[in-house]
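Numbering (the working numbering), first residue to last: 239 to 606. Here is the structure we will look at.
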Ligand SMILES: Cc1cc2nc3c(=O)[nH]c(=O)nc-3n(C[C@H](O)[C@H](O)[C@H](O)COP(=O)(O)OP(=O)(O)OC[C@H]3O[C@@H](n4cnc5c(N)ncnc54)[C@H](O)[C@@H]3O)c2cc1C
């Protein structure tokens, strides 16, 4: 089939670019090596009737009205504002940490565990809280997540959380927060409606068949694109174990409970999907599904989830990026192509920007 643009990957990045180009009258072909479109936001129905987010829990949030209107074109959302807990000292405590909790444990006048310019993640976290609190909530969680001591991680990583002065229980304060009423898989199907999508098709194994394509937008792992020939970028991913409890309505107080204490098992968090459903549907379902996640370093690119936040990987990524930039009809982008954690809102915003640049005849891979 002739297409003006070949889009490799039907995740949010590939699908938003495809939709925008098609809306502008371009011919596009989308490929994905998975058996379903939609990338990592995909979800499926458990036999109990409970919706499970196949690749980990996805809470949609954005402050951008235009983006909110865009996603609502493909299906309505119900309000879901994630509020997480951490299992600490035998209790469910708010995550992010509430200042009220710190006062309760340490007293009214507490000092941060580090003062000065933080050189690593441990110091940056201690700059926000006393050491005893850091050790209960942050250290174990992040050492499970990244598989290295916390002082080996980048200080920037600590920007992903805060200490809540007002004891705000919601994970984020975004203006629009929700989950698609008919699920993410259906949302993505509708985003791609009318656009040809070839599934079970690995571009890297079938490149020769797509030689005549114009611009190729590749949203898979950038190191895999080049056959890992400069070395592999490190990723972390989760091994998920699902358990159906037929006799229990709800097993935990919220959808996600973090497990920072290594003595309480290797899993990093437990998800209870029923909390993420609309009560009018979940109330008639018998039993509940719990999913435990244990973080690993996956070998198979299919299981890549989080780029590893350190200098060595950032340097290696830049080498691949500089190479990709020299290939005239190639744009490598998305969370795997740019080796960057993008929330769904960030992935959509970035994809919209790239699509506009493509339509203007520009090819810019990342902000310099
Ligand atoms: C565990 C986890 C939880 C998350 N939770 C949230 C959340 O709560 N809220 C939020 O806003 N964001 C969340 N995110 C982020 C969200 O998943 C990303 O923003 C989104 O997946 C980015 O889409 P993408 O298209 O860039 O990548 P992907 O969704 O990974 O899509 C890439 C696609 O390319 C395909 N592909 C790769 N290589 C090839 C090839 N050679 N040939 C053909 N196809 C190929 C893949 O099969 C895949 O379908 C979470 C991410 C993770 C890992």
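Don't be surprised by glycine CBs; every beta carbon is placed ideally from N, CA and C.
Bounding residues of the beta strand (DSSP E) (the contiguous stretch that carries residue i)
i	result
residue 467	Here residue 467 belongs to no beta strand (DSSP E), and DSSP marks it neither H nor E.
residue 338	Per DSSP, residue 338 belongs to no beta strand (DSSP E); it is in the alpha helix (DSSP H), 337-344.
residue 281	281-283
residue 333	329-333
residue 298	298-300
residue 371	Segment 369-372 is the alpha helix (DSSP H) holding residue 371; no beta strand (DSSP E) there.
residue 510	507-510
CA-to-CA distance, residue j to residue i, given in whole angstroms
i	j	result
residue 606	residue 588	For residue 606, the predicted model reports a pLDDT of 46, less than 50, meaning its position is unreliable; a value from the coordinates is still stated below. Going by the C-alpha atoms only, they are around 14 Å apart.
residue 405	residue 290	29 Å
residue 417	residue 276	15 Å
residue 548	residue 521	44 Å
residue 458	residue 581	16 Å
residue 335	residue 375	8 Å
residue 354	residue 365	8 Å
residue 544	residue 484	33 Å
residue 357	residue 426	41 Å
residue 454	residue 248	13 Å
residue 315	residue 419	5 Å
residue 311	residue 403	37 Å
residue 377	residue 511	26 Å
residue 428	residue 372	44 Å
residue 302	residue 439	34 Å
residue 328	residue 285	32 Å
residue 568	residue 575	11 Å
residue 554	residue 460	11 Å
residue 552	residue 481	37 Å
residue 444	residue 533	32 Å
residue 339	residue 363	16 Å
residue 382	residue 389	13 Å
Cβ-heavy atom distance, residue i to ligand 1, below 7 Å
i	result
residue 278	yes
residue 269	yes
residue 369	no
residue 583	yes
residue 559	no
residue 639	Residue coverage of the chain in this structure runs from 239 to 606, which leaves residue 639 outside it and unanswerable.
residue 492	no
residue 464	no
residue 441	yes
residue 297	yes
residue 477	no
residue 529	no
residue 564	no
residue 574	yes
residue 324	no
residue 246	yes
residue 457	yes
Delimiting residues of the alpha helix (DSSP H) encompassing residue i
i	result
residue 478	Per DSSP, residue 478 belongs to no alpha helix (DSSP H); it is in the beta strand (DSSP E), 473-483.
residue 316	Note, residue 316: premise wrong, no alpha helix (DSSP H); beta strand (DSSP E) at 315-317.
residue 245	Premise fails: residue 245 lies in the beta strand (DSSP E), 243-246, not in any alpha helix (DSSP H).
residue 260	250-261
residue 522	Run containing residue 522: none; DSSP gives neither H nor E here.
residue 383	378-384
residue 306	303-310
residue 586	582-597
residue 561	549-563
residue 428	422-429
residue 416	Premise fails: residue 416 lies in the beta strand (DSSP E), 414-418, not in any alpha helix (DSSP H).
residue 363	359-364
residue 574	572-575
(message) I'd like to know if the region 394-405 and the region 247-256 are in contact, where contact means that at least 3 CB-CB pairs between them fall below 8 Å.
(response) The region 394-405 vs the region 247-256: no contact.
(request) Evaluate contact between the region 525-534 and the region 501-508, counting only Cβ atoms and requiring at least three cross-stretch pairs below 8 Å. (result) In short, these stretches touch, since the Cβ pair count reaches three.
(message) Count Cβ pairs between the region 475-494 and the region 315-333 that sit closer than 8 Å; are there 3 or more?
(response) Short answer: they touch.
(request) Take every Cβ of the region 261-277, pair it with every Cβ of the region 431-449, and state whether three or more of those distances are shorter than 8 Å. (result) Segments in contact, yes.
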